[in-house]
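Protein chains in written order, with this note's numbering: chain R, 18 to 345; chain W, 38 to 327; chain G, 26 to 388. Just so it is clear, CB atoms sit at the ideal spot from N, CA and C, and this is done for glycine as well.
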């Protein structure tokens, strides 16, 4: 943890997201999100469905239009770019989607899929291209003879390797990985996670790793941000958030993941969130969690929670939490 | 870095079935279409008579050894006229549909990909055209442009175009939401590349199926237009015109209308069945399911 | 293990799959190959495995839900309270579905009819099996909705599925499954499509219903965490076969064979220390159209020996635990050339040398 903090303070951030907001009509999908990612750092962005985590990823990639705030990559405000200049900036940030087969054009061979980013950005030399495709396949652990296959002829894990290879083709500085292993079997998940960890180490990549629970992001993230209803409710270095989660939502998220051990599983106390998350087109005026919060119930339903939206404030070195009452 | 096995886990080839072109109806469709195409291409060689040559000894004569399908009121050999008529039918069928497909797919791609103002503008025009029954519309255009083979093709093409535009647009709207299109966008691909490389190939299947179906429809409309006297002008042989001329002698020589009607029926049936078979054949179920 | 006539009464199972086979595509793909599975009355059994291992195919076979045109169920028997379900007519089977054995599906979004009110959907099973007056029918719907924790049921019963959230829809699915008071529930990956916090709610609900209604359940899942918290006994499936079975506590305490070890190692555990590299099972499951001739896990097994590729091991009792704990692995069986994994600590790094260059990397 101390290492991570040092890196983060010294270096200028690669990605700086400030007060980002995205609206779809009345729905506030993302509502005032700020964070930074340092060069070589991985930020885990965790949230359940409807939390806006994927929308944050897409807004950073300029695939959806933000309605407020800025996204700066390497000091350039991406929102101010358009046309050709945005197209060239896209080289620096790439994406890996959740559904590995869905993100590969079913009518293209693996080799053509891997070559596509090179073609788009103007590489014409056939031999150089073939060499690069072969290098990419090796890099992500795919056998050479898969080059001529179509996406439906390979497994989900292999398809995700292809998608990762394609994302790396342009040597980006930042990868947005949107639940890259959620649709894979656990035994295959570990293969792909190890691949990502290796690539991150060997290529010095920065990563925004989006996930729907706290189990997957744990091994790969330097810091973790937890989102609920369009807002970041807690942001802390990895080891801190698992050892000392402060926000009641983070706590219940942690307690909800079952543990593969019957004895411990029976002994565990679950903090079950009552009911469903409120609809993002009509969020509560105060704290987004106020209607379901276990801590608030414990404290005798203070009115504060419903009146004022808690700001994300630093409670300890690098540990930010948005709650009026959460304390260590 | 580890190496991934080359064998494929859940990919199982689809068991052979008698669907698509291999089904009995598919074979029938192929036979019919190939037969008609053959006749249209080779009618100069295989037709027993010049289609416009009159036999003054045989007016309205029934089927005989000399004239297999009989003759019309001017003593022209009906079989030869029907054979040459297939040229007109197919030229109109494929020409009009090709024209409709080209215009409709282009407009549909533009509308579906742009979504915004351009989409609204294109689709309002398309809906306006769609509001007219296609025969009426073609009739109107023919009346304005005057008769002739190329105007028939254009008229039927314009009348058919909205179907292609609508189908294309709806397909584009769903394909463009798929992750691989977003992935191409995130790579920095320009719009033309995304449309041509990633969207067009995925919508061609249903578009071609519609096109095959519309060929039969276009042949029918041509027959109707010729029947009404607005189509191909005499003496050029056209099935619709032959059908119409037979009407005047229905009691004396019913075979004229009967055989020309049969030619239209078989052609439309052939292409329609072919459409069915092709659609089954191109069903993109890959069999890769976990 | 087959018992003809009345079985031994104390542990005569509610459901007994006896050497059941299920194959697709004219027998080209054997999805379930000779599985033997028992569920006692009120017992909760887990069926675990990766996708494509045949666990869902087995569950669907019990209710005969596959497309009959390309599926063959059998040879084998599906004994429910001693009756072989495979001998029943379609009408006889219809009477079993919902009333004796009910199923809850993975995706509550697609398993509910979007154009039918949830009240009518909950009553559908009642309508199929019982004749109820309108008032009795409504009372039963309300009772079921209350039972699964849907607030204000009287108004909600007239709503359509899209007006409910994912968690509420899964509750409705559970209410449908419970409507005819079945003795056995097949729960097919019911929490996979849900967020973790909703998953916790739904599992809690199933647990309390099971205890209060004496329901037997088969939890079909790939999540060992769900198995650990929800089941009494576990069957682990791999490539169409059961490869290990034991009481849940026993399986987690003393897993016998390397596939189970692999599953346990790759299962995320939030309470374990952070490691930089996760431990995957290398390679991929084999194609069911052409499974390996010896042990089906051999191509991916880092502990394999020569015997593994030569002969297929039987499912035999594990000498370390009791007779209820069986594994399909030569390493656990005291035969010539086998038994090298008896007493092996699965947490220890693998000191065993693989048989060929294939193992250790991704097959």
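Review point. Should residue 214 of chain W go down as buried or exposed, given a rule of 16 or more other Cβ atoms within 10 Å for buried?
Key: Mapped onto the second chain, residue 214 of chain W falls at position 177. With fewer than 16 Cβ atoms within 10 Å of its Cβ, residue 214 of chain W is classed as exposed.
Check your understanding: Per DSSP, residue 176 of chain R is paired with what?
Key -> In the first chain, counting from the first residue as 1, residue 176 of chain R sits at position 159. Residue 176 of chain R pairs with nothing; no bridge assigned.
Practice item. Using only alpha-carbon positions, find the residue among R:70, R:207, R:318 and R:184 that is nearest to residue 174 of chain R. Key: Translated into the one-based positions of the first chain, residue 174 of chain R becomes position 157. The shortest Cα separation from residue 174 of chain R among R:70, R:207, R:318 and R:184 belongs to R:207.
Check your understanding: In terms of residues, what are the limits of the beta strand (DSSP E) holding residue 124 of chain W?
Key -> Translated into positions along the second chain, residue 124 of chain W becomes position 87. Residue range 115 to 151 is occupied by the alpha helix (DSSP H) that includes residue 124 of chain W, with no beta strand (DSSP E) assigned at that position.
Practice item. Kindly say whether residue 39 of chain G, judged by its beta-carbon, lies nearer than 7 Å to any beta-carbon of chain R. Key: Translated into positions along the third chain, residue 39 of chain G becomes position 14. With 7 Å as the cut-off, residue 39 of chain G does not count as an interface residue toward chain R.
Practice item. Rank W:196, W:265, W:111 and W:115 by C-alpha distance to the C-alpha of residue 105 of chain W and give the top, closest one. Key: Here residue 105 of chain W is taken as the residue at index 68 of the second chain, counted from 1. It is W:115 whose Cα lies nearest to the Cα of residue 105 of chain W.
Point to revise | Where residue 369 of chain G falls, given that 16 or more other Cβ within 10 Å makes a residue buried | key: Looking up residue 369 of chain G in the third chain gives position 344. It counts as buried.
Check your understanding: What residues in the stretch 131 to 165 of chain W have a beta carbon less than 7 Å from any beta carbon of chain R?
Key -> none
Review point. Is the Cβ-Cβ distance between residue 207 of chain G and residue 125 of chain G less than 7 Å?
Key: Position 182 of the third chain, counting from 1, holds the residue named residue 207 of chain G. Position 100 of the third chain, counting from 1, holds the residue named residue 125 of chain G. For residue 207 of chain G and residue 125 of chain G, yes; Cβs fall inside 7 Å.
Check your understanding: Quick one: Cα of residue 127 of chain G to Cα of residue 75 of chain R, how far?
Key -> Within the third chain, residue 127 of chain G is the residue found at index 102, counting from 1. Within the first chain, residue 75 of chain R is the residue found at index 58, counting from 1. For residue 127 of chain G and residue 75 of chain R, the distance between alpha carbons rounds to 41 Å.
Check your understanding: So is residue 14 of chain W in contact with chain R if we call contact Cβ pairs under 7 Å?
Key -> Here chain W has residues from 38 to 327 only, and residue 14 of chain W is not among them.
Review point. Comparing alpha-carbon positions, which option in G:52, G:174 and G:43 lies nearest residue 293 of chain R?
Key: One-based indexing of the first chain puts residue 293 of chain R at position 276. If we check each option's Cα against that of residue 293 of chain R, G:174 comes out closest.
Point to revise | Buried/exposed call for residue 337 of chain R, threshold 16 Cβ in 10 Å | key: Within the first chain, residue 337 of chain R is the residue found at index 320, counting from 1. Classification of residue 337 of chain R: buried, given that the 10 Å Cβ count is 16 or more.
Check your understanding: Among R:191, R:129 and R:252, which residue has its Cα nearest to the Cα of residue 148 of chain R?
Key -> Against the first chain, residue 148 of chain R aligns to sequence position 131. Considering only alpha carbons, the answer is R:129.
Check your understanding: For the stretch 271 to 280 of chain W against the stretch 117 to 125 of chain W, are there 3 or more C-beta pairs whose distance is under 8 Å?
Key -> yes
Practice item. Could you tell me if the beta carbon of residue 252 of chain W falls within a distance shorter than 6 Å of some heavy atom in the ligand ADP? Key: In the structure shown, the ligand ADP is absent, as is every other ligand, since no ligand is present at all.
Check your understanding: Are the C-beta of residue 208 of chain R and some C-beta of chain G separated by less than 7 Å?
Key -> Start at 1 with the first residue of the first chain, and residue 208 of chain R comes out as number 191. Answer yes: the Cβ-Cβ gap between residue 208 of chain R and chain G drops below 7 Å somewhere.
**Study point:** DSSP bridge partner residues for residue 369 of chain G (one or two, in chain order)
**Key:** Taking the first residue of the third chain as 1, we reach residue 369 of chain G at position 344. In DSSP, residue 369 of chain G forms no bridge with anything.
Practice item. Can you pull the chain G residues whose beta carbon is under 9 Å from the beta carbon of residue 205 of chain R, in chain order? Key: In the first chain, counting from the first residue as 1, residue 205 of chain R sits at position 188. Under the 9 Å cutoff, chain G gives 75, 291, 305, 306 and 309.
Check your understanding: Ends of the beta strand (DSSP E) at residue 61 of chain G?
Key -> Locating residue 61 of chain G in the third chain gives position 36, counting from the first residue. Taken as a continuous stretch (DSSP letters only), the beta strand (DSSP E) holding residue 61 of chain G covers 54 to 64.
Exercise for review: Can you pull the chain W residues whose beta carbon is under 7 Å from the beta carbon of residue 114 of chain R, in chain order?
Suggested key: Looking up residue 114 of chain R in the first chain gives position 97. Those within 7 Å of residue 114 of chain R in chain W are 216 and 220.
Point to revise | Euclidean distance between Cα positions of residue 55 of chain R and residue 71 of chain R | key: Numbered from its first residue, the first chain carries residue 55 of chain R at position 38. Numbered from its first residue, the first chain carries residue 71 of chain R at position 54. Distance between the alpha carbons of residue 55 of chain R and residue 71 of chain R is about 20 Å.
Point to revise | Contacts that residue 206 of chain W makes with chain R (C-beta to C-beta distance below 9 Å) | key: Looking up residue 206 of chain W in the second chain gives position 169. By Cβ distance, chain R contributes nothing, its closest Cβ being about 20 Å from residue 206 of chain W, past 9 Å.
Check your understanding: Which full runs of the beta strand (DSSP E) of 3+ residues lie inside the stretch 204 to 289 of chain R, going along the chain?
Key -> 223 to 228, 240 to 245 and 248 to 254
Practice item. Would you mind telling me which residues of chain C sit closer than 9 Å to residue 170 of chain G, beta carbon to beta carbon, in chain order? Key: Absent from the structure is chain C; the protein chains it does hold are R, W and G.
Point to revise | For residue 222 of chain G, the first and last residue of its enclosing alpha helix (DSSP H) | key: The count along the third chain starts at 1 and reaches residue 222 of chain G at position 197. Note, residue 222 of chain G: alpha helix (DSSP H), 221 to 238.
Check your understanding: Looking at the structure shown, is residue 157 of chain W part of a helix, part of a strand, or coil, going by DSSP?
Key -> For the purposes of this step, residue 157 of chain W is taken as residue 120 along the second chain, with counting starting at 1. DSSP places residue 157 of chain W in the helix class (H, G or I) of the three-state scheme.
Review point. Quick one: what does DSSP say residue 36 of chain R is sitting in, helix, strand or coil?
Key: Sequence index remark: in the first chain, residue 36 of chain R carries index 19 (1-based). Correct three-state label for residue 36 of chain R: strand.
Point to revise | Inter-residue Cα distance where the pair is residue 170 of chain R and residue 131 of chain R | key: The residue labelled residue 170 of chain R in the question sits at position 153 within the first chain. The residue labelled residue 131 of chain R in the question sits at position 114 within the first chain. The alpha-carbon atoms of residue 170 of chain R and residue 131 of chain R are separated by roughly 16 Å.
Exercise for review: Determine, using beta carbons only, whether residue 217 of chain R comes closer than 7 Å to chain W.
Suggested key: Taking the first residue of the first chain as position 1, residue 217 of chain R is located at position 200. Judged by the 7 Å Cβ criterion, residue 217 of chain R is not in contact with chain W.
Practice item. Would you mind working out which of R:201, R:283, R:291 and R:287 sits nearest residue 268 of chain R, comparing C-alpha positions? Key: If you number the first chain from 1, residue 268 of chain R lands on position 251. Per the Cα distances, R:287.
Check your understanding: What's the C-alpha gap between residue 242 of chain R and residue 273 of chain R?
Key -> Here residue 242 of chain R refers to the residue found at position 225 when the first chain is read from its first residue. Here residue 273 of chain R refers to the residue found at position 256 when the first chain is read from its first residue. Taking the CA atoms as reference points, residue 242 of chain R sits about 17 Å from residue 273 of chain R.
Review point. By DSSP, does residue 71 of chain G sit in helix, in strand, or in coil?
Key: As a position in the third chain, residue 71 of chain G is number 46, starting the count at 1. Residue state, collapsed to three classes: strand.
Point to revise | Simplified DSSP state of residue 20 of chain G, which is helix, strand or coil | key: An answer regarding residue 20 of chain G cannot be provided, because it is not within the stretch 26 to 388 covered by chain G.
Review point. For chain R, is any of its Cβ atoms less than 7 Å away from the one on residue 120 of chain W?
Key: Locating residue 120 of chain W in the second chain gives position 83, where the first residue counts as 1. Judged by the 7 Å Cβ criterion, residue 120 of chain W is not in contact with chain R.
Review point. What separation, rounded to the nearest whole angstrom, lies between the Cα atoms of residue 307 of chain W and residue 241 of chain W?
Key: Numbered from its first residue, the second chain carries residue 307 of chain W at position 270. Numbered from its first residue, the second chain carries residue 241 of chain W at position 204. Residue 307 of chain W and residue 241 of chain W: Cα-Cα distance of roughly 21 Å.
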